Amino acid sequence: MTRNYFGTDGIRGTANKHPMTAEIAMKVGMAVGVAFQRGGHRHRVVIGKDTRLSGYMIENAMVAGFTAAGVDVFLLGPVPTPAVAMLTRSLRADIGVMISASHNPFHDNGIKLFGPDGYKLSDSIELEIERLLGKDLSSKMAKPDKIGRAQRVEGDLYRYIEFAKRTFPKEMTLSGMRLVLDCANGAAYKAAPAALWELGAEVVTINNKPDGFNVNLDCGSTNPLGLSKKVHEVRADLGIAFDGDADRMLIVDEHGTVVDGDQLMALIAEDWHRRERLTGGGLVATVMSNLGLERFMASKNLELVRTQVGDRYVVEHMRAHGYNVGGEQSGHIVLSDYSTTGDGLISALQVIACIRAAGKPASEVCRKFEPVPQVLKNVRFSGRKPLENKQVQSAIDDGRSRLGDGRLVIRPSGTEPVIRVMAEGDDRAIVEQVVDDIVGVIAGQKTAA
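Following this line, the structure appears as structure tokens:
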């Protein structure tokens, strides 16, 4: 069945344009409400959101859809995505919804769905929802006396904060540590500063005044320059940058140098392996993770398993094969001992625990390997399949040959109409030329069309 709505991370698009309209959001609520009817009990859904202006529109539309399907709705307000996953289980809900477009600008929005176990939905369930979205569901709607109720709940964010704090080692404190937090004007703006301050840190917070328009605007994990400057300015021990829905994070060391998700996964995996906590014999990452991470893991007699892009696929492999550390280079880190999805706050706490245990500055602790030169470029496209073109395939084959022991990954984005071209290898000049050549051929096909 062709996917018309779901991408690699739920449904996403420009707010008030298909598919991110109030009409579609209401239909999604109805379809999901029907799909998750299990038994005769009162069904319930928890709905969280980040700080985008369009969150109000999508939230209210989904409330209409869920209540029409006979599902009771608990509105959490602005909370991190991992809080929705955690509270779905804690509140014994049948479904969890996060309204967010993650690291995208404010004019985009999205719908992420979690099952009753707190995990993102499988492909098969998403396809079932797609099927229901194409049907007339009027006969499946609740009778007048069975329509769902909606209520806004207070205080559940603090359940999540306490949960996150309990993942930090009991014998440790953050006393004497100065941290700068970049909350991306997003969903972490309350939870992250509160949790780290309560654990004893001196907390300096930037980009924590959301106005509906400034989420991810020149800040957060996709733009940590301001965080680096602030770390220098206040002489902090560490900087932490979240994205709009706080399911990912990157850090900045005391020198202002950015440390990406690959280095942080290596740090946690090595530490947990040394303490005999690591399961699965390694970690799970995606095809986008640096070759240097793979070599580092091999040097520790540990395995790096790669999946397709999307933290959902990382989690699926972790669950199927018993791994407890995984994630993406972008800073989505999944620690399944604690969480069912990427969690920026919990990941940051585990990184800080490693730094505190080592008794050394972040710059000495967090750089575990020398990254192999890696180049990533995007090419926009519309209405065609450029990767099926013979000239493009020829350029890709030639690029692989020139890279030798390096890697080449070509893939369409799951959230926007672009082809991502990534290459890596020991010779930066060759890597850059391979990417430029392939991008040029793809762009040429666009022009020719």
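Each residue of the sequence shown is one higher than the last, beginning at 10 in this note's numbering. Glycine is no exception: its CB is placed at the ideal position from the N, C-alpha and C atoms. Since the model is a prediction, treat every value here as computed from it, not as a measurement.
*Quick one: is the Cβ of E279 within less than 7 Å of any heavy atom of the ligand ATP?*
Absence of the ligand ATP is noted for the structure shown, with no ligands found whatsoever.
*Quick one: what's got a C-beta closer than 6 Å to K386's C-beta in the same chain, skipping five residues either side?*
V430, V444 and V448
*Would you verify that the beta carbon of G86 is, or is not, closer than 8 Å to some beta carbon of chain D?*
Absent from the structure: chain D. Only one protein chain is present.
*So what does T295 bridge to, in DSSP terms?*
T316
_If you measure between the beta carbons of G353 and F222, is that distance less than 8 Å?_
no
*For D246, does the count of other Cβ atoms within 10 angstroms reach 16, so buried, or fall short, so exposed?*
buried
*asked:* Please list the terminal residues of the continuous alpha helix (DSSP H) segment that includes F274.
replied: Phe is not the amino acid found at residue 274; the sequence shown has Met there. Here the alpha helix (DSSP H) through M274 covers G270 to R283.
*Could you name the residues of the same chain whose beta carbon sits closer than 6 Å to that of A110, not counting the 5 residues immediately before and after it, in chain order?*
R21, D117, N118 and G119
*Going by CA-CA distance only, name the one from H330, R304, F305 and K309 that's closest to T316.*
H330
*Verify whether the separation of the beta carbon atoms of G253 and V240 is less than 8 Å.*
no
_P395 to D145 span [Cα, whole Å]_ = 35 Å
*Determine the burial state of G336: buried for a count of at least 16 other Cβ atoms within 10 Å of its Cβ, exposed for fewer.*
buried
_Beta-carbon proximity list for G127, same chain, < 6 Å, skipping 5 on both sides_ = A94, T97, R98 and T349
*How do the region 186 to 197 and the region 223 to 233 stand: do at least 3 beta-carbon pairs fall below 8 Å, yes or no?*
yes
*asked:* For S230, count the other beta carbons within 10 Å of its own beta carbon; 16 or more makes it buried, fewer makes it exposed. Which is it?
replied: buried
*asked:* Checking 8 Å against the spacing of the C-beta atoms, do V318 and R437 come in under that value?
replied: no
*asked:* Please state the DSSP three-state secondary structure of E433.
replied: strand
_Supposed close pair A173, I355 - CB separation, criterion 8 Å_ = 5 Å
*When the distance is taken between beta carbons, is G351 closer than 8 Å to P91?*
yes
_Within a Cβ cutoff of 7 Å, which residues of the same chain sit near V162, ignoring the five residues on either side of it in sequence?_
F83, L84 and L85
*Just mark P153 as buried or exposed, buried being the case when its beta carbon has 16 or more other beta carbons within 10 Å.*
exposed
*asked:* According to DSSP, is Q160 part of a helix, a strand, or is it coil?
replied: strand
_By the DSSP assignment, the alpha helix (DSSP H) with E211 in it spans what residues?_
From DSSP, E211 is part of no alpha helix (DSSP H) but of the beta strand (DSSP E) over E211 to I215.
*Give a yes or no on whether the C-beta atoms belonging to G340 and G270 are separated by under 8 Å.*
yes
*asked:* Only counting the same chain, and skipping five residues up and downstream in sequence, which positions put a Cβ closer than 6 Å to that of A266?
replied: For clarity, residue 266 is Thr in the given sequence; the question names Ala instead. Excluding positions up to five away in sequence, the list is empty.
*Who are the near neighbours of Y473 in its chain, counting only those whose CB is closer than 7 Å to its CB and skipping five residues on each side?*
Not covered by the structure: residue 473. The range shown for the chain is 10 to 458.
*Take the Cβ of D18 as the centre, count every other Cβ of all protein chains shown within 10 Å, and call the residue buried at 16 or more, exposed below.*
buried
_Range covered by the beta strand (DSSP E) that runs through L84_ = D81 to P87
*Excluding sequence positions up to five away, which residues of its chain have a Cβ less than 7 Å from the Cβ of H264?*
S372
*asked:* What would DSSP say about A457, mapped onto helix, strand or coil?
replied: The predicted model places A457 with a pLDDT of 47, which falls under 50 and marks its position as unreliable; any figure quoted below should be read in that light. Three-state result, A457: helix.
*Which ranges would you report for the alpha helix (DSSP H) in the region 111 to 191 if only whole runs of at least 4 residues count?*
132 to 142 and 165 to 174
_According to DSSP, simplified to helix, strand and coil, what is Q383?_
strand
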